[in-house]
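*Asks:* The first sequence begins at 244 in the numbering used here and counts up by one.
Would you mind keeping the following structure in view while I ask a few things?
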Amino acid sequence: MSEENQTLAQRREKAASLAELGVNLYSNGFKPANTTRELLPKGDSLAPQEAEPGGAGYSIAGRIMAMRKFGKAAFCTLADTGGQLQIYVKKDILGDEVFETFKKWDIGDIVGVEGTLFKTKVGELSLQAHRITMISKSLRPLPDKWHGLTDVETRYRQRYVDLIVTPETRETFRKRVDIIRLVREYLIGKDFMEVETPMMQPIPGGATAKPFKTYHNALDMELYLRIAPELYLKRLLVGGFERVFEINRNFRNEGLSTRHNPEFTMLEFYQAYATYEDMITLTEKMISSICHTVNGTMKITYQGTEVDLTPPWTTLTMDEALVEIAGIDREILVDDEKLMALVKAKGIQLEEQAGPGKAKTELFELLVEDKLINPTFITSYPTEVSPLARKNDLDPSVTDRFELFITGRELANGFSELNDPIDQLARFEKQIAERGEDDEIHPELDADYIRALEYGMPSAAGEGIGIDRLVMLLTDAPSIRDVILFPHLKPEAKLQQEREE
RNA sequence: GGGUCGUUAACUCAGCCGGUAGAGUAUCUGACUUUUAAUCAGAGAGUCGCGCGUUCGAAUCGCGCACGACCCA
244 MSEENQTLAQ RREKAASLAE LGVNLYSNGF KPANTTRELL PKGDSLAPQE
294 AEPGGAGYSI AGRIMAMRKF GKAAFCTLAD TGGQLQIYVK KDILGDEVFE
344 TFKKWDIGDI VGVEGTLFKT KVGELSLQAH RITMISKSLR PLPDKWHGLT
394 DVETRYRQRY VDLIVTPETR ETFRKRVDII RLVREYLIGK DFMEVETPMM
444 QPIPGGATAK PFKTYHNALD MELYLRIAPE LYLKRLLVGG FERVFEINRN
494 FRNEGLSTRH NPEFTMLEFY QAYATYEDMI TLTEKMISSI CHTVNGTMKI
544 TYQGTEVDLT PPWTTLTMDE ALVEIAGIDR EILVDDEKLM ALVKAKGIQL
594 EEQAGPGKAK TELFELLVED KLINPTFITS YPTEVSPLAR KNDLDPSVTD
644 RFELFITGRE LANGFSELND PIDQLARFEK QIAERGEDDE IHPELDADYI
694 RALEYGMPSA AGEGIGIDRL VMLLTDAPSI RDVILFPHLK PEAKLQQERE
744 E
């Protein structure tokens, strides 16, 4: 690779000259005994210019984030995973020879330092270097220490650089990890067991979405990356695992946006002998408690909008939401002709076979969704748009289903499960018969799933929660790409050119 | 897929009505043994995203393309 760049050439030369001095640029033996996080509190009891009594030796390793060099001494800011500590390097302590090698250190290098603690004149705890070790010589300059990295494209493509220089990015992904761990702990605490079901499926089911297709050579068959784990998790209910959950990736071959990444992380959980109301209670408790743990409060701000996650949350049926929030006359909702006329008046295009349930759902999406800022459960979804949910015992035109909306966005979807194999088969067949014009969405009959139901699935309720969207909410992230370490982007033209050369 | 905006040094950004590219950080050289956006003096660094066109002359104007951001479908 021919890099014409001057800065890079200089760094390479510097690295070469360090190697000539006998320094191993990529040494492998240094094991820090301490961390910055653990050393920092030791400064609390020291006065400026005071050394730690006893002069104990410590060692830390990390990346040099800043350097202030004087002729025969220097201060370096060294960052490790938990924080930063200042290093003070003095020629008369290291000796002439070692100090010569120190002079060739750069911002970005990863080094190990052994020494003693003291406080400087201005009161900053510092590690006085007695021995120094080069662990990894950096050949590329870090972004501007003051402005950091603001170009979003570079931040997404070179997340490693973003993580080095942007504390907020590190914070967001730490929180993401915490949130997922807390979800796990919460469900395990409720006797759920975590399972893994196929991501490569012969029939992509459990949702309506365009799948990715792939091919298995040895089996000579097409497979799909899953769009949802739902049908497999419910097979486990049949098998007698009464509480199961899975947190993992789903894949949907659709457009990208600030809310959609082709692969995204989904939590799905199923509980036997529970109803959708139990899921509502669980969701409310789980999300609010996780928010409190992660943010220290249940009152958060999302992109400038205040959101209160303190339970209890509001619950409305879809009809109630259409009346109370969209201001639609109750009479219209029970009169199919008037309903269809309203839909047309609102400019919504419905497919021919669409019935009143689909019409209401479209109206809801258009008129209600973005007004649901504080957490709101919408229940009584039309059966027409809920092929896997159990019909309501009193009104079979709706299902025992809910969706959760926060900041105008769908965050969760759950329902009492349909466990009648005959009803399920009929609904699958209807779904296939009424498939839309889109060739890429092709519902297929999952005969094995029906067979499983025929053995008997306990009554149950289940739910899916979009983990990326939950993390966005709890970290105040404007785009899903801000909560996915390596979001999907088109390849860089420049890099590809270089590869071809 | 459509619209708007963006792409200039490694990073952050200027660059007006077209006249041959500029700052800060970073880097290099020199001074400096308690600094913290260290300081002082000097220096180097650019296919101005890519291509075509208009023009005596294009970072600047026009068209196309690539990549990205946001909005819409």
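Heads up, the beta-carbon is just placed ideally off N, CA and C, and yes, glycines get one too.
Report yes if the CB atom of Ala632 is closer than 8 Å to the CB atom of Glu706, and no otherwise.
*Replies:* The count along the first sequence starts at 1 and reaches residue 632 at position 389. The count along the first sequence starts at 1 and reaches residue 706 at position 463. Result no, Cβ atoms of Ala632 and Glu706 do not sit closer than 8 Å.
*Asks:* On the DSSP letters alone, give me the boundaries of the alpha helix (DSSP H) that Ser369 sits inside.
*Replies:* As a position in the first sequence, residue 369 is number 126, starting the count at 1. Unbroken run through Ser369 is the beta strand (DSSP E), Leu368 to Ser379; no alpha helix (DSSP H).
*Asks:* Evaluate the contact criterion for the region 667-678 versus the region 464-481: three or more CB pairs, one atom per stretch, below 8 Å.
*Replies:* no
*Asks:* Between the region 503-523 and the region 684-694, are three or more C-beta pairs nearer than 8 Å?
*Replies:* no
*Asks:* Exposed or buried, Met715, counting other C-beta atoms within 10 Å across all chains shown (16 or more means buried)?
*Replies:* Locating residue 715 in the first sequence gives position 472, counting from the first residue. It counts as buried.
*Asks:* Near Asp521, what residues of its chain come up, given a Cβ to Cβ distance below 8 Å and the 5 sequence neighbours on each side ignored?
*Replies:* For the purposes of this step, residue 521 is identified with residue 278 of the first sequence, where counting begins at 1. Only Gln514 and Ala704 meet the Cβ criterion.
*Asks:* Determine the direct distance from the alpha carbon of Arg712 to that of Thr409, and round the result to whole angstroms.
*Replies:* On the first sequence, position 166 is the one that residue 409 refers to. On the first sequence, position 469 is the one that residue 712 refers to. C-alpha separation (whole angstroms): 22 Å.
*Asks:* Suppose contacts are defined by Cβ-Cβ distances below 8 Å. Is Ile336 in contact with Leu321 by that definition?
*Replies:* Counted from its first residue, the first sequence places residue 336 at position 93. Counted from its first residue, the first sequence places residue 321 at position 78. No. Outside cutoff.
*Asks:* Output needed for Gly305: all residues of its chain with C-beta closer than 6 Å, excluding positions within five of it in sequence on either side, in chain order.
*Replies:* For this step, residue 305 is matched to residue 62 along the first sequence. If we look at Gly305 and ignore the five residues flanking it on each side, its Cβ neighbours are Leu321, Ala322 and Asp323.
*Asks:* I'd like the ranges of any beta strand (DSSP E) spanning at least 3 consecutive residues and lying wholly in the region 499-526.
*Replies:* 506-515
*Asks:* Less than 8 Å between the beta carbons of Gly358 and Ala372, yes or no?
*Replies:* Within the first sequence, residue 358 is the residue found at index 115, counting from 1. Within the first sequence, residue 372 is the residue found at index 129, counting from 1. Cβ atoms of Gly358 and Ala372: closer than 8 Å.
*Asks:* Given this structure, state the Cα-to-Cα distance separating Tyr545 from Thr718, to the nearest angstrom.
*Replies:* Your numbering for residue 545 matches position 302 in the first sequence. Your numbering for residue 718 matches position 475 in the first sequence. Approximately 8 Å between the Cα atoms of the pair.
*Asks:* Is it buried or exposed for Gln249, if we count other Cβ within 10 angstroms and need 16 for buried?
*Replies:* Counted from its first residue, the first sequence places residue 249 at position 6. By the 10 Å Cβ count, Gln249 comes out exposed.
*Asks:* Mapping DSSP to helix, strand and coil, what is Thr412?
*Replies:* As a first step, residue 412 is located in the first sequence; it is residue number 169 there, counting from the start. In the three-state reduction of the DSSP assignment, Thr412 falls in the helix class.
*Asks:* Is the beta carbon of Val426 sitting closer than 8 Å to the one on Leu479?
*Replies:* Start at 1 with the first residue of the first sequence, and residue 426 comes out as number 183. Start at 1 with the first residue of the first sequence, and residue 479 comes out as number 236. No, the pair does not count as a contact, with Cβ atoms beyond the cut-off.
*Asks:* Here's the rule: buried if 16 or more other CB atoms are within 10 angstroms of the residue's CB, otherwise exposed. What is Ala317?
*Replies:* The count along the first sequence starts at 1 and reaches residue 317 at position 74. Per the 10 Å Cβ criterion, buried.
*Asks:* Quick one: measure Cβ to Cβ for Lys601 and Ile568, integer angstroms, because I've assumed they're closer than 8 Å.
*Replies:* One-based indexing of the first sequence puts residue 601 at position 358. One-based indexing of the first sequence puts residue 568 at position 325. Incorrect: roughly 19 Å between the Cβ atoms, too far for contact.
*Asks:* Just to confirm, are Ser623 and Met561 a CB contact at a threshold of 8 Å?
*Replies:* As a position in the first sequence, residue 623 is number 380, starting the count at 1. As a position in the first sequence, residue 561 is number 318, starting the count at 1. Going by C-beta atoms, Ser623 is nearer than 8 Å to Met561.
*Asks:* Mind checking whether Leu559 and Thr604 have CB atoms under 8 Å apart?
*Replies:* Counted from its first residue, the first sequence places residue 559 at position 316. Counted from its first residue, the first sequence places residue 604 at position 361. For Leu559 and Thr604, no; Cβs fall outside 8 Å.
*Asks:* Helix, strand or coil for Asn277, going by three-state DSSP, please let me know.
*Replies:* As a working mapping, residue 277 is identified with position 34 in the first sequence. For Asn277, the three-state secondary structure derived from DSSP is coil.
*Asks:* What residue range is occupied by the uninterrupted alpha helix (DSSP H) comprising Arg694?
*Replies:* The residue given as residue 694 occupies position 451 in the first sequence. Run containing Arg694: Ala690 to Tyr698, per the alpha helix (DSSP H) assignment.
*Asks:* Would you kindly report the start and end of the unbroken alpha helix (DSSP H) that includes Phe494?
*Replies:* The residue you call residue 494 lines up with position 251 of the first sequence. Premise fails: Phe494 lies in the beta strand (DSSP E), Arg486 to Phe494, not in any alpha helix (DSSP H).
*Asks:* Are at least three pairs of beta-carbons, each pair with one atom in the region 660-674 and one in the region 693-700, less than 8 Å apart?
*Replies:* yes
*Asks:* Can you tell me whether Glu627 sits near the ligand FAD, meaning its C-beta is under 7 Å from at least one heavy atom of the ligand?
*Replies:* In the structure on display, the ligand FAD does not appear, and there are no ligands present to speak of.
*Asks:* Looking at C-alpha atoms only, which residue of Asn617, Lys589 and Val628 is the closest neighbour of Gly651?
*Replies:* Here residue 651 corresponds to residue number 408 of the first sequence, with the count starting at 1. Among Asn617, Lys589 and Val628, the Cα nearest to that of Gly651 belongs to Asn617.
*Asks:* If you drop the 5 nearest sequence neighbours on each side, which residues of the same chain put their C-beta closer than 7 Å to that of His535?
*Replies:* The sequence position of residue 535 within the first sequence is 292, counting from 1. Within its own chain, the residues whose Cβ lies closer than 7 Å to the Cβ of His535, once the five positions on either side in sequence are excluded, are Met541, listed in chain order.
*Asks:* Kindly indicate which residue of Gly286, Glu683 and Leu370 has the alpha-carbon position closest to the one of Tyr301.
*Replies:* Locating residue 301 in the first sequence gives position 58, where the first residue counts as 1. The shortest Cα separation from Tyr301 among Gly286, Glu683 and Leu370 belongs to Leu370.
*Asks:* Identify every residue that forms a DSSP beta bridge with Glu437.
*Replies:* Taking the first sequence and counting its residues from 1, one reaches residue 437 at position 194. Looking at the DSSP assignment, Glu437 forms a beta bridge with Phe488.
*Asks:* Helix, strand or coil: how does DSSP classify Leu289 here?
*Replies:* Your numbering for residue 289 matches position 46 in the first sequence. Note: Leu289 maps to coil in three-state DSSP.
*Asks:* Output the distance between the C-alpha atoms of Tyr399 and Arg724, rounded to the nearest integer angstrom.
*Replies:* Along the first sequence, read from residue 1 onward, the residue named residue 399 stands at position 156. Along the first sequence, read from residue 1 onward, the residue named residue 724 stands at position 481. Each residue's alpha carbon lies about 7 Å from the other.
*Asks:* Would Phe313 be called buried (16 or more neighbouring beta carbons within 10 Å of its own) or exposed?
*Replies:* Position 70 of the first sequence, counted from the first residue, corresponds to residue 313. Exposed.
*Asks:* Compute the beta-carbon to beta-carbon distance between Gln329 and Glu367, rounded to the nearest angstrom, for a pair I have assumed lies under 8 Å.
*Replies:* Looking up residue 329 in the first sequence gives position 86. Looking up residue 367 in the first sequence gives position 124. Contact flag correct, Cβ pair sits at about 6 Å.
*Asks:* Can you give the beta carbon distance from Val537 to Ile422, rounded, assuming they're within the 8 Å contact cut?
*Replies:* As a position in the first sequence, residue 537 is number 294, starting the count at 1. As a position in the first sequence, residue 422 is number 179, starting the count at 1. Indeed, because the Cβ distance is near 6 Å, the residues count as touching under 8 Å.
*Asks:* Scan the region 554-615 and note each continuous beta strand (DSSP E) run of 3 residues or more that stays entirely inside, going in chain order.
*Replies:* 557-560
*Asks:* Whole-angstrom Cβ separation of Arg254 and Leu382, contact assumed at under 8 Å?
*Replies:* Counted from its first residue, the first sequence places residue 254 at position 11. Counted from its first residue, the first sequence places residue 382 at position 139. At roughly 5 Å, the Cβ-Cβ gap stays under 8 Å, so Arg254 and Leu382 are in contact.
*Asks:* Short of 7 Å in beta carbon distance, which residues of its chain neighbour Pro441, apart from the five on each side in sequence? Order them along the chain.
*Replies:* One-based indexing of the first sequence puts residue 441 at position 198. The residues are Arg469 and Tyr475.
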